[in-house]
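For what it's worth, numbering that gives the first Met the number 0 labels the leading residue of the sequence shown as 0, then goes sequentially.
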Amino acid sequence: MAPRYILERWSKNVKRRHTHIKNSHDKLLLEPRSRRFDYLCFNHKNVCEFASESEELIVILHRAYVM
Numbered sequence: 000m001a002p003r004y005i006l007e008r009w010s011k012n013v014k015r016r017h018t019h020i021k022n023s024h025d026k027l028l029l030e031p032r033s034r035r036f037d038y039l040c041f042n043h044k045n046v047c048e049f050a051s052e053s054e055e056l057i058v059i060l061h062r063a064y065v066m
């Protein structure tokens, strides 16, 4: 099929600026913003797992984020 018939959005190599989702076709994301985003996501997941153990921990976490 001629390349002119294949839209970029159909390609597995499409790049979107609004997403931080990595895929196997991306180069290593070494940009500082991407590293910070990955760090925050990892830590947020750990905090959520810990806080989900009790209602009291959820209230404490909520108060910390609201401040």
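We put the CB at the ideal spot given by N, CA and C, even for glycine.
CB contact flag (residue i, residue j, <9 Å)
i	j	result
Phe82	Leu39	For the chain, the structure presents residues 0 to 66; residue 82 sits outside this window and is missing.
Start-to-end residues for the alpha helix (DSSP H) that takes in residue i
i	result
Pro31	31-50
Helix, strand or coil at residue i [DSSP, three-state]
i	result
Ala63	helix
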